[in-house]
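Count the sequence shown with our numbering and you get residues -5 to 306, in order.
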Amino acid sequence: MPLFSHRHPSSSAIPTTINPKTSKPSKPNFIPPSTRYPLPLLVFSLISLLIGLSGTIFAISAIRRPKPVPVFRCGRSEDTFRAFYSGSGRTRGDDNGALIDRPKLLGFVGIQTGFESGGRRAALRSTWFPSDPDGLLRLEQATGLAFRYVIGRSKDAKKMAQLEKEVDKYRDFMLIDVEEEYLKLPYKTLAFFKAAFKLFEADYYVKADDDIYLRPDRLATLLAKERTHSLTYIGCMKKGPVITDPKMKWYENSGHLIGNEYFLHAYGPIYVLSAEVVASLASARNNRSVIYVGLFCIDFLCSPSYVSSQPT
């Protein structure tokens, strides 16, 4: 019989303490996901950021950018007076102070002038024609008549530079798209009526020379009278023999088309056409036909209004 016997220890024999926390199976260590984003997502985010920044920059620049000065033009013809008032921010136009693209007037008066007529314009500005934009505006408001000096363009850069200085000083010009030459005066007259009709909604359009003394109040009274005929011409009429001798002053190089005597036609340092007559001239496509037929035979279209020989 063996002196010693080996026994396996029994669970009941040796008291043990079990920690409930350590008895549970341990969880595996947590590995965070990778922070790398897909390339398409990065590209999309970058593009969105650039679009947002560009939109913000554009909005800021649009707010800070000064408003463009509207230029009142008919083709290459321009009303420098309204362009000046729109740029200066002064009140002119309707009751709310807004500028009107085609203001309604009783009459528009175009003083036909040239590059060599600076002295004549100075004489008029020292008498009946206002010498500053505010005075010109007050006259328009008092009479319902707008007044502008009408001049074309020149190939002479020096003349154009001098004109630009005068325009900047007085702002009382209508610049029309025609070359300023004596032989092209009929085309200038037609260009004036076309530009005036497009830029102003007037009941009457007046063509006047720059060597006359005009009474704006008397002219306004004359134009305000009621007339039964909508096609109206107010002014002098003339007819006479056609000069076919090239050595004479009033030589007519188209005399073979006219005949021995001129038709009764508009003539004089000032005359008036109603809006409907000017509308027909403005809509004409053939300038040459208008000049030789429309301006010379205007009495066939209009109801002439004869006025006294007293100065207007």
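Glycine included, every Cβ here is placed at the ideal spot set by N, Cα and C.
Other residues of its chain near K178: CB distance less than 7 Å, five sequence neighbours each side excluded: Excluding residues within five positions, the ones whose Cβ falls inside 7 Å are V172.
Have a look at E110 and H259 and give me their C-alpha separation to the nearest angstrom. Cα to Cα, E110 sits roughly 28 Å from H259.
Alpha helix (DSSP H) containing E173: first to last residue? Where E173 is concerned, there is no enclosing alpha helix (DSSP H), although the beta strand (DSSP E) it sits in stretches over 167 to 173.
How is the alpha helix (DSSP H) around D162 delimited, first residue to last? 151 to 164
Distance CB(V103)-CB(A136) smaller than 8 Å: Cβ distance not < 8 Å, so V103 and A136 don't count as in contact.
I228 classed as buried or exposed, judged by whether at least 16 other C-beta atoms fall within 10 angstroms: Counting Cβ neighbours within 10 Å, I228 comes out buried, since at least 16 surround it.
Could you give the residue range of the beta strand (DSSP E) that holds I264? 259 to 268
Can we say the stretch 196 to 206 touches the stretch 235 to 251, given the rule of at least three CB pairs closer than 8 Å? no
Local conformation of V272 per DSSP, three classes: helix
With a threshold of 16 other CB atoms inside 10 Å of the CB of L35, please say whether the residue is buried or exposed. exposed
Which two residues bound the contiguous beta strand (DSSP E) that contains A229? Residue 229 is actually Gly in this sequence, not Ala. Note, G229: beta strand (DSSP E), 226 to 232.
Could you check which residue in E270, V271, L217, A190 has the C-alpha nearest to that of R70? Checking every option, the nearest Cα to that of R70 belongs to A190.
Taking DSSP as the reference, what is the three-state secondary structure of I105? strand
So what does DSSP say about D128, is it helix, strand or coil? helix
For D394, which option in G146, Q106, P127 has the closest C-alpha, if you only look at C-alpha atoms? Examination of residue 394 is not possible in this model, given that the chain is present from -5 through 306 alone.
Is the beta carbon of D197 closer than 8 Å to that of L216? no
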